[in-house]
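**Student:** Numbering (my numbering), first residue to last: 5 to 185.
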Amino acid sequence: MIDLIRILGSEHIFSIIDFIQKNPGQNASSIASSLNIHTVTVQRALETLAKYSFVDVEEKRGVGRPSRNFSYRGGKLTIDLNDLFSDYDLKNDIIRESGNPDISFSYDVDKETVNAILFGGKKGNKIKLDVKTGRFLWLVPPPDSKGETIENICHEAGVPLIDAIRFCLKMQELDVLEVIR
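1) Excluding five sequence neighbours on each side, which residues of the same chain lie with their C-beta closer than 6 Å to the C-beta of Ser57?
2) Return the chain-ordered list of same chain residues with a C-beta closer than 6 Å to the C-beta of Lys132, the five sequence neighbours on each side being excluded.
3) Could I get the ranges of all uninterrupted beta strand (DSSP E) runs contained in the stretch 23-95, with 3 residues as the minimum, in chain order?
4) Got a sec, what are the start and stop residues for the alpha helix (DSSP H) Asp7 sits in?
5) Leaving out five residues before and five after Ile152 in sequence, what residues of the same chain have Cβ atoms less than 6 Å from its Cβ?
6) Taking the alpha-carbon of Asn96 as reference, which of Asp7, Met5 and Ile184 has the nearest alpha-carbon?
7) Would you list the one or two residues that DSSP bridges to Glu152?
8) Taking the DSSP output, what are the residues bridged to Asn186?
9) Quick one: what's got a C-beta closer than 8 Å to Gly78's C-beta in the same chain, skipping five residues either side?
10) So Ser33 and Thr43 are in contact, right, with Cβ under 8 Å, and what is the actual spacing, rounded?
11) Are the Cβ atoms of Ser71 and Leu39 separated by less than 7 Å?
Listed below in structure tokens is the structure:
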């Protein structure tokens, strides 16, 4: 839900929505060109709106890569603030790596970041990390340590707190991180 709220707060959202209302079935590149907005900005906004069913997506195949065309659907948005803020208290959780022997990391030592998490060796699954979450994971203490709070790590990594909390919850589900109680 945070991703949707961020998109709705962006400076370009009204022009993007207005455009697809008046011009349904357009791809992000043509919308970006028409509005003179960066394609990635338009793509991110439309993909997020599609995730919450405010925009319909039609994939057209032809020569080359498939084209994703967007049309405005609309709808209502109801926000439960209690639910939205429920994870915020987790900022004081003390975390560390789980030490799971089936999990390894691909590092960039020079940049002090984790590029990817590997599950089950080279033939297993792989999760690539962006720069911010990779830096966050780099700073998470090792399994034999006393750990550190999510809040302290996110400040040092330069990651927004709510993003760090959500990332930690996902990593706990995958047994990459553990909370020390």
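We treat Cβ as the ideally placed atom computed from N, Cα and C, and that holds for glycine.
**Tutor:** This is what the structure holds:
1) Taking the first residue of the sequence shown as position 1, residue 57 is located at position 53. Nothing meets the Cβ criterion.
2) Taking the first residue of the sequence shown as position 1, residue 132 is located at position 128. Excluding residues within five positions, the ones whose Cβ falls inside 6 Å are Ala120.
3) Within the stretch 23-95, the complete beta strand (DSSP E) runs of at least 3 residues fall at 59-64 and 71-76.
4) Translated into positions along the sequence shown, residue 7 becomes position 3. That run of the alpha helix (DSSP H) goes Ile6 to Leu12.
5) Taking the sequence shown and counting its residues from 1, one reaches residue 152 at position 148. With the sequence shown as reference, residue 152 is identified as Glu, and Ile is not the correct amino acid for it. The residues are Pro145.
6) Numbered from its first residue, the sequence shown carries residue 96 at position 92. That would be Ile184, whose Cα lies nearest to the Cα of Asn96.
7) The residue labelled residue 152 in the question sits at position 148 within the sequence shown. Ile99.
8) Outside the shown range of the chain (5 to 185) lies residue 186, about which nothing can therefore be said.
9) Here residue 78 refers to the residue found at position 74 of the sequence shown. Cβ neighbours of Gly78 beyond the five flanking positions: Phe58.
10) As a first step, residue 33 is located in the sequence shown; it is residue number 29 there, counting from the start. As a first step, residue 43 is located in the sequence shown; it is residue number 39 there, counting from the start. Contact between Ser33 and Thr43 holds, with the beta-carbon distance rounding to 5 Å and staying under 8 Å.
11) The residue labelled residue 71 in the question sits at position 67 within the sequence shown. The residue labelled residue 39 in the question sits at position 35 within the sequence shown. It is not a contact, given that the beta carbons lie outside the stated cut-off.
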